[in-house]
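Chemist: Note that this note's numbering has the sequence shown beginning at 21, numbered continuously upward. Before I ask anything, here is the structure I am working with.
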Amino acid sequence: MRILVTGAAGFIGSHVVQRLAADGHEIVGIDNLNNYYDVNLKLARLERIKSIPSFSFQKLDIADRAPMEALFSSGKFNRVIHLAAQAGVRYSLTNPHAYIDSNVTGTVNILEGCRHLRIEHLVFASTSSVYGMNTNMPFSPHRSVDHPLSMYASTKRAGELMCHNYAALFGLPVTALRFFTVYGPWGRPDMALFLFTRSMLEGKPIDVFNHGHHKRDFTFVTDIAEGVVRSCYRIAEPNPEWTGAQPDPATSKAPFRIYNIGNNSPVNVSRYIEVLEEALGVKAKRTLLPLQLGDVPDTHADVDDLMRDVGYKPATSVEQGIRAFVDWYRGYYKV
21 MRILVTGAAG FIGSHVVQRL AADGHEIVGI DNLNNYYDVN LKLARLERIK
71 SIPSFSFQKL DIADRAPMEA LFSSGKFNRV IHLAAQAGVR YSLTNPHAYI
121 DSNVTGTVNI LEGCRHLRIE HLVFASTSSV YGMNTNMPFS PHRSVDHPLS
171 MYASTKRAGE LMCHNYAALF GLPVTALRFF TVYGPWGRPD MALFLFTRSM
221 LEGKPIDVFN HGHHKRDFTF VTDIAEGVVR SCYRIAEPNP EWTGAQPDPA
271 TSKAPFRIYN IGNNSPVNVS RYIEVLEEAL GVKAKRTLLP LQLGDVPDTH
321 ADVDDLMRDV GYKPATSVEQ GIRAFVDWYR GYYKV
């Protein structure tokens with residue numbers, strides 16, 4: 021197939037491109053290469069995937085309407101994997117407009133392109149952050165998510181709702197995937213594992229929010245990529261049992277589905293740090309702080325639907341995943 025991947029120079033996007041290439045697809049990747057974090061890291065990811073013969077790249081911002089219309093009108097894509105987004109919970113507290121531009125306006129541009137090109141299937145990257153104030157664990161896509169805690173979460177939830185809108189009105193098959201705390205090689209410098217590793221190797225203290233008591237369903241990046249690609253292959257279908265009298269948030273009369281992609285095995289952040297200490301051979305100096313605004317205290321993914329429909333469940337342990345990240349970090353930064 022010919023598949024468009026947005027956010028191709030991103031952490032998850034670059035891994036998804038490699039996974040699609042392994043299956044022999046032709047991939048067109050786009051990314052705006054913005055400076056939210058180190059552009060050199062994005063360029064290094066891009067350099068790796070540019071060596072793939074079936075991959076081509078265009079520097080584009082999904083929020084720019086005219087270039088996106090031109091891309092779709094000439095692209096002849098079969099399917100689209102929409103990973104491009106303004107990420108980060110805490111950054112959304114200080115720069116909310118960036119999230120509207122990318123995650124709302126940009127997603128509308130993707131949906132319009134998919135609608136008019138009659139794309140076979142759109143996969144939309146959402147987030148576990150949409151669960152917000154929910155405390156009913158594990159988080160299930162069959163429960164409502166109406167109490168987000170950050171602009172990031174709100175714009176991602178808006179993306180899910182817009183995707184359903186296009187599925188219902190125009191018959192566009194859409195699968196929305198809620199990712200749970202992704203980590204691993206080539207990861208984002210603004211995320212905890214990256215920040216912890218850098219500070220510990222430099223002998224600096226690390227900031228541990230919620231005094232290290234919160235849990236996260238840490239999910240290794242290649243497991244996420246595998247779930248994305250498998251979900252892309254399974255075109256979303258209507259749920260024949262769906263009823264407006266008892267509406268199921270995860271399905272619809274329209275060709276629309278929501279799945280969690282998580283390890284289904286939450287780990288206490290304190291344990292996460294201990295595993296990193298073992299991998300680095302360095303003891304962390306911890307600065308214990310309260311839970312930050314916008315953060316969800318705990319996450320735990322219910323992946324029963326993913327296992328039943330897609331036939332996949334992430335399985336990489338934090339011990340394996342953190343070791344892989346540390347090996348990459350030492351090699352990339354020559355530490």
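We treat Cβ as the ideally placed atom computed from N, Cα and C, and that holds for glycine.
Quick check: P209 and D51, are their CB atoms within less than 9 Å of each other?
Modeler: As a first step, residue 209 must be located in the sequence shown, where it is residue number 189. As a first step, residue 51 must be located in the sequence shown, where it is residue number 31. Cβ distance not < 9 Å, so P209 and D51 don't count as in contact.
Chemist: Spatial neighbours of K176 within its chain, please: CB distance less than 7 Å, with the 5 preceding and 5 following residues excluded, ordered by chain position.
Modeler: Counting from one through the sequence shown, the residue named residue 176 turns up at place 156. Within the same chain, K176 has close Cβ partners N123, S146, T147, S149 and V150.
Chemist: Could you tell me the boundaries of the alpha helix (DSSP H) in which V48 lies?
Modeler: Reading the sequence shown from its first residue, position 28 is the one you call residue 48. Note, V48: premise wrong, no alpha helix (DSSP H); beta strand (DSSP E) at E46 to D51.
Chemist: Looking only at its chain, what residues have a beta carbon closer than 8 Å to the beta carbon of Y167, apart from the 5 residues adjacent to it on each side?
Modeler: One-based indexing of the sequence shown puts residue 167 at position 147. Sequence check: residue 167 is His here, not Tyr. Answer for H167: G152, M153 and N154, listed in chain order.
Chemist: With DSSP run on the structure shown, which of helix, strand or coil describes V100?
Modeler: Here residue 100 corresponds to residue number 80 of the sequence shown, with the count starting at 1. Of the three classes helix, strand and coil, the one that applies to V100 here is strand, per DSSP.
Chemist: For K62, which three-state DSSP category applies?
Modeler: Translated into the one-based positions of the sequence shown, residue 62 becomes position 42. Helix.
Chemist: Using only CA atoms, which one of E222, L197, K224 and V228 lies nearest to M211?
Modeler: Taking the sequence shown and counting its residues from 1, one reaches residue 211 at position 191. It is V228 whose Cα lies nearest to the Cα of M211.
Chemist: Beta carbon of R223, beta carbon of K305: below 9 Å?
Modeler: Taking the sequence shown and counting its residues from 1, one reaches residue 223 at position 203. Taking the sequence shown and counting its residues from 1, one reaches residue 305 at position 285. Looking at the sequence provided, one finds Gly at residue 223 rather than Arg. Yes.
Chemist: Given a cut-off of 9 Å on the beta-carbon distance, is the pair L66 and L53 in contact?
Modeler: By 1-based counting over the sequence shown, the position of residue 66 is 46. By 1-based counting over the sequence shown, the position of residue 53 is 33. Yes.
Chemist: Contact defined as beta carbons within less than 8 Å: I believe L213 pairs with G247. What is the distance between those atoms, to the nearest angstrom?
Modeler: Walking along the sequence shown from the start, residue 213 turns up at place 193. Walking along the sequence shown from the start, residue 247 turns up at place 227. Incorrect: roughly 20 Å between the Cβ atoms, too far for contact.
Chemist: Give a yes or no on whether the C-beta atoms belonging to Q38 and I72 are separated by under 9 Å.
Modeler: Counted from its first residue, the sequence shown places residue 38 at position 18. Counted from its first residue, the sequence shown places residue 72 at position 52. Contact flag set, yes.
Chemist: If you reduce the DSSP assignment to three classes, tell me which class S146 lands in.
Modeler: Counting from one through the sequence shown, the residue named residue 146 turns up at place 126. Looking at S146 - three-state DSSP - the assignment turns out to be strand.
Chemist: Return helix, strand or coil for L311, following the three-state DSSP convention.
Modeler: Stepping through the sequence shown from its first residue, residue 311 is reached at position 291. In this structure, L311 counts as coil in the three-state DSSP scheme.
Chemist: Rounded C-beta distance between I281 and L326? I'm assuming under 8 Å.
Modeler: As a working note, residue 281 is residue 261 in the sequence shown. As a working note, residue 326 is residue 306 in the sequence shown. With 8 Å as the limit, I281 and L326 qualify as a contact, their Cβ atoms being about 6 Å apart.
Chemist: Shortest alpha-carbon distance to R68 belongs to which of V109, A86, S34 and F92?
Modeler: Taking the sequence shown and counting its residues from 1, the one referred to as residue 68 is at position 48. The candidate whose alpha carbon is nearest that of R68 is S34.
Chemist: Take I278 and list the residues in its own chain whose beta-carbon comes closer than 6 Å to its own, dropping the five residues that flank it on each side.
Modeler: By one-based count along the sequence shown, residue 278 stands at place 258. Around I278: P161, A196 and A270.
Chemist: Which stretch, first to last residue, makes up the beta strand (DSSP E) that contains I82?
Modeler: Within the sequence shown, numbered from 1, the residue matching residue 82 stands at position 62. No beta strand (DSSP E) contains I82, which DSSP labels as neither H nor E.
Chemist: Distance check for V355 and H136, CA to CA, integer angstroms please.
Modeler: Along the sequence shown, one-based indexing puts residue 136 at 116. Along the sequence shown, one-based indexing puts residue 355 at 335. Computed Cα separation, rounded: 49 Å.
Chemist: Residues in its own chain within less than 6 Å of G207 by CB, not counting five upstream and five downstream?
Modeler: Here residue 207 refers to the residue found at position 187 of the sequence shown. Once the five neighbours on either side are set aside, the close Cβ partners of G207 are F31 and F214.
Chemist: Pull up the DSSP beta-bridge partners for T217, would you.
Modeler: On the sequence shown, residue 217 is found 197 positions in, with the first residue counted as 1. DSSP lists no partner for T217.
Chemist: Count the other CB atoms within 10 Å of the CB of Y292; is the residue buried (16 or more) or exposed (fewer)?
Modeler: Here the question's residue 292 lines up with position 272 in the sequence shown. Classification of Y292: buried, given that the 10 Å Cβ count is 16 or more.
Chemist: Can you list, in chain order, the stretches of the alpha helix (DSSP H) that have 4 or more residues and sit fully within the stretch 122–178?
Modeler: 126–137, all fully within the stretch 122–178.
Chemist: Which first and last residues belong to the alpha helix (DSSP H) in which P226 is found?
Modeler: Residue numbering aside, residue 226 sits at position 206 when the sequence shown is read from its first letter. The residue you asked about is not Pro; residue 226 is Ile in the sequence shown. Note, I226: premise wrong, no alpha helix (DSSP H); beta strand (DSSP E) at I226 to F229.
Chemist: What residues in its chain sit with their C-beta under 6 Å from that of C183, if we drop five residues either side in the sequence?
Modeler: Position 163 of the sequence shown, counted from the first residue, corresponds to residue 183. Only F144, V194 and A196 meet the Cβ criterion.
Chemist: Provide the residue span of the alpha helix (DSSP H) that contains L296, from first to last.
Modeler: The sequence position of residue 296 within the sequence shown is 276, counting from 1. Run containing L296: V289 to L300, per the alpha helix (DSSP H) assignment.
Chemist: For the alpha helix (DSSP H) containing H253, name the first residue and the last one.
Modeler: In the sequence shown, counting from the first residue as 1, residue 253 sits at position 233. Inspection of the sequence shows that residue 253 is occupied by Tyr rather than by His. Run containing Y253: V241 to Y253, per the alpha helix (DSSP H) assignment.
Chemist: So for N259, helix, strand or coil by DSSP?
Modeler: Numbered from its first residue, the sequence shown carries residue 259 at position 239. Three-state result, N259: coil.
Chemist: Can you have a look at A335 and say buried or exposed, based on whether 16 or more other CB atoms are within 10 angstroms of its CB?
Modeler: For the purposes of this step, residue 335 is identified with residue 315 of the sequence shown, where counting begins at 1. Exposed: under 16 other Cβ atoms inside 10 Å.
Chemist: Using only the alpha-carbon positions, how far apart do A265 and H234 sit?
Modeler: Within the sequence shown, numbered from 1, the residue matching residue 265 stands at position 245. Within the sequence shown, numbered from 1, the residue matching residue 234 stands at position 214. One C-alpha to the other measures close to 37 Å.
Chemist: Between N284 and K96, what straight-line distance do the alpha-carbon atoms span, to the nearest angstrom?
Modeler: Here the question's residue 284 lines up with position 264 in the sequence shown. Here the question's residue 96 lines up with position 76 in the sequence shown. The alpha-carbon atoms of N284 and K96 are separated by roughly 37 Å.
Chemist: First and last residue of the alpha helix (DSSP H) that includes A42?
Modeler: Along the sequence shown, one-based indexing puts residue 42 at 22. It spans F31 to A42 - the alpha helix (DSSP H) in which A42 sits, taken as one unbroken run.
Chemist: In three-state DSSP terms, what is N115?
Modeler: One-based indexing of the sequence shown puts residue 115 at position 95. N115: coil per DSSP, three-state reduction.
Chemist: Going by alpha carbons, who is nearest to V36 out of H102, E89, K79 and Y352?
Modeler: One-based indexing of the sequence shown puts residue 36 at position 16. Per the Cα distances, H102.
Chemist: Check the DSSP bridge columns for A321 and list the partner residues they point to.
Modeler: Residue 321 sits at position 301 when you count from the first residue of the sequence shown. DSSP lists F159 as partners of A321.
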